[in-house]
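The sequence shown begins at 407 in the working numbering and counts up by one. Using N, Cα and C, we set each Cβ at its ideal position, and we do this for glycine too. Written out below as structure tokens is the structure these notes cover.
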Amino acid sequence: MSLPEGVRRCAAALADARSDTEKFAALFLAAKLLKAGQCDAPSRLALFEAIGFDFLKKLLLTRDLPEDCPASLYKSVALSVLVAFCSDPHIAAHPETLSNLNVLLDIVRTSDDDDSDDNLMLVNEAYTCLKSIASCEAGRKALVESECIEKMTEIYAQQSFQTDEALQLLVVLVSRDGPRTWGNDPKSFHSLMNKIALDFETDHSERKFELATILNALIFSCNRSVVSQTASDEIWPLSLYKGLTDILTSKIGKAQRDPALKLTSAVVDLLGIEWTLNDDDNPKKIFLLLVQLASIEVRMQLDDKSFKQATVNAELVTSCFIVLELAINYMASEQIDLEQKEKQTVYTGLKGAFSAIVSVLTKVSNDKNRDKLIDVEKVYVCAMVRVLVAWIAQETTAMRAQIYALLPYMLSLANDTFYAYRSRKLMEKKQTDPSMEVESSILSQVDILRVMLPSLCHLAVEDKARSIILSSKQDEVLYECMAFHWDIVHYKKPPIPKSERGKARTNPEPEIDPILLDQMKDSRVAMVSLCNIFMNLTVLEAKHVEESVQFNTLMKFIFNNLPELKNSPENLVLYGHLAILGLLLLKQQSKKVKKNDFSICRYIQSSIRFLWDAYTVDESNDPTALVVSMIYKERWSEIMELWFLGMQTMSSVLALVPWISEFAIESGWAEGILEMLVKVKVGTLPPNVKSAFEDFLCHLVDASPDVVKVLKKADALKVCRNHRLMELGKKLFGD
């Protein structure tokens, strides 16, 4: 491509220059051409390469100036040219530009040395260059590698010259690339946040709201797992609390309220809703105010609006959704004691907000073009569904007709996000280079089905909702979801390379990545919810389950996998849920069970182990007291009802599949129960435990006459007399 005549002459003059003086003169011509806007991209590149960054660098660094020459002249010319060049993304990302970033960074770092107007202009131009470089991916990467974040943090923290420019550059960097820009050491993040948050707390001008927007961007970009674990030792959470309390309890308009709500949402999402309880005198004040403000904002933005109208302030509304979801879950945990009047006020506000959400979602679900939504619109709809299902999980009566009408659409959307999320995770697992990002759709970033599981536990109890779940074949997707989370929970360490096998270990085994541990924890919770959904379906749709191929597949899945699950404290709740769900399915599908199926044998042994280990005699304090065993005690509130259901279901299974009694006898469980009960003090056996054990032993005797001899040998007569086990006594010894 031919270059304009002026550009060609300038490039030739630069190339032919025999001294720095001649080149400097030609540089003025280049600057004139650039400022006149006569240069297209090829022209700018030709001039840049003709000048060479080395020459510009020399001008920026030289202190050897002619007499009567202004001290900043060389720097000023060089920076003016650079500003014009860096507006071109190709030059901003040029290797020569990126390899000399420290020159520009040093200019802004040493800006305190001179506060003249000339220096102010130089620093401004250096920041302009840096921002242009930060606008391209290669530039951001190079700036991060040049420790730009640390240097800008230092400038702001020390309240150096041009701190706002340093802050703006920081926001550009971290907003684009998020957690990767901060790394795993939260020191820089906390240092910056401590300073900005203190400014935010103490500044009562309009700048307070500008800082709110910046703080929101910084929090959104941080390495969440690292920051949330270390924030309690920093001052910025309390500074933000004071600053936001100041705003939210004042008479403010929309321009002030919006950034405050967005920042508050970001903070509670990072630190938990407990952060709102920081007032020693009235800890509930901000919590209740925030729920009320978020509820009102949702109604204002969504009430009587079309979906298009509701998307106008999507970012603000989504921030309110986050607050509402976290508040609902926190109130459900009963960690906050609300008075009746407070409960009524909160409920009224929430019901109004969710009526508006349901109204908009209904319009979307009924729209014939609902499948043609663009990605950002889909994500907004997902945000509505997410907060709605959090409400459904706790509020089991409100708006049921509308919820049932919406359920097929919500399930369809949730399934789409699950499949997209699963595909992304599987691709990431295969990715050999962790620094490379897997290309994926925006829907793959959030798994709505995972969030929906607690609400589906409740919906599966309701006749209409259960009918929708089964008619839409949602049980098949839930099974796929179970298998997906099982692969995460049942983590297997990478195999040892052949070259290392048989060699003595010189280094300790590497610890599991904390991120993977968090994923395993979340997947355990997800599987427990899935088990509860399947339990409700199994009990309430017995006929369907009895004939269902899908539920037979689920039963085999449990038979095969439960014995593989490590029976450890962190797995106990999941272990119990899988064991008891398996028994419920076995009860319904007993006709399909074959005695020579080895997987059933191993499964029954695992289930017996879960039921057997729950109770023990207190050997240390009172050798006559029956107590919940130590490993179960910590989680007993979660598995107590499960244990009783398991004992009851095992009894029913014995009646349908008598040969299973052989496992109870061979394992020693039957006599183990009596050996334990014979030590228990008369009159201290809890009635419900007594009933569970007696019912099981009676069914065991009915299933296998061989057990009578075993029980009598284990002092059954004494146990029956001590604890008045009348039914068992009749079966063993007659009237």
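C-beta atoms of residue i and residue j nearer than 7 Å
i: ALA452; j: LEU466; result: no
i: ILE964; j: LEU984; result: yes
i: GLN880; j: LEU817; result: yes
i: CYS492; j: CYS554; result: no
i: PRO495; j: CYS542; result: yes
i: HIS891; j: MET933; result: yes
i: SER1012; j: PRO969; result: yes
i: LEU708; j: ALA716; result: yes
i: VAL633; j: GLU731; result: no
i: ARG806; j: ALA759; result: no
i: VAL718; j: SER671; result: no
i: GLU1047; j: GLN956; result: no
i: ALA720; j: TYR827; result: no
i: VAL766; j: PHE713; result: yes
Residues near residue i in its chain [Cβ-Cβ closer than 6 Å; skip 5 each side]
i: ILE1079; result: PHE1099
i: MET558; result: ALA572, LEU575 and LEU576
i: LYS711; result: none
i: ASN966; result: SER1005
i: LEU440; result: ALA490
i: VAL752; result: VAL697
i: SER378; result: The structure shown has nothing for residue 378, since the chain only spans 407 to 1141.
i: TYR1038; result: ALA1020
Own chain partners of residue i with C-beta closer than 7 Å, once the 5 adjacent residues on each side are dropped
i: GLU556; result: SER594
i: ASN735; result: ALA796
i: ILE894; result: GLN925, MET926 and SER929
i: ALA799; result: PRO860, SER861 and HIS864
i: PHE461; result: LYS429
i: LEU488; result: LEU462 and CYS535
i: ILE1066; result: ILE1010, VAL1059 and LEU1060
i: PRO643; result: ALA637, LEU677 and TRP681
DSSP three-state assignment for residue i, whether helix, strand or coil
i: VAL764; result: helix
i: LEU1131; result: coil
i: VAL1023; result: strand
i: LEU1032; result: strand
i: LEU865; result: helix
i: GLY1142; result: Outside the shown range of the chain, which is 407 to 1141, sits residue 1142, and nothing can be said about it.
i: GLY584; result: helix
i: PRO969; result: helix
i: GLN800; result: helix
i: ASN590; result: coil
i: ALA1120; result: coil
i: ILE653; result: helix
i: ASN772; result: helix
i: THR717; result: coil
i: TYR897; result: coil
i: ASN600; result: helix
i: MET805; result: coil
i: ASN958; result: helix
i: CYS726; result: helix
Rounded C-alpha distance that separates residue i from residue j
i: LEU876; j: LEU812; result: 15 Å
i: TRP1018; j: TRP1075; result: 7 Å
i: MET941; j: PHE615; result: 51 Å
i: LEU604; j: LEU859; result: 41 Å
i: ILE457; j: LEU433; result: 8 Å
i: GLU740; j: VAL1125; result: 41 Å
i: LEU855; j: ALA820; result: 5 Å
i: LEU744; j: GLU640; result: 30 Å
i: ASN1094; j: PRO814; result: 41 Å
i: LEU579; j: ILE539; result: 10 Å
i: ASP686; j: ILE658; result: 25 Å
i: ARG379; j: ALA544; result: Nothing can be reported for residue 379, as the shown portion of the chain is limited to 407 through 1141.
i: LYS601; j: GLU886; result: 48 Å
i: LYS537; j: LEU510; result: 11 Å
i: ALA1070; j: VAL1113; result: 9 Å
i: ALA889; j: GLN635; result: 30 Å
i: SER581; j: MET599; result: 15 Å
i: ALA498; j: TYR480; result: 21 Å
Cut-off 8 Å between Cβ atoms - residues of its own chain near residue i, not counting five sequence neighbours on either side
i: LEU646; result: ALA603, PHE606, GLU607, LEU621, LEU669 and VAL673
i: PRO585; result: SER627, CYS628, ASN629 and ARG630
i: LYS690; result: LEU683, ILE742, LEU744 and GLU748
So within the stretch 536 to 580, which uninterrupted alpha helix (DSSP H) runs reach at least 4 residues, ignoring any that extend past its ends?
543 to 551 and 554 to 563
Minimum length 4: unbroken alpha helix (DSSP H) runs contained in the stretch 1077 to 1112:
1093 to 1109
4-residue-minimum alpha helix (DSSP H) runs that sit fully inside the stretch 465 to 519, ordered along the chain:
479 to 492, 495 to 498, 501 to 504 and 507 to 515
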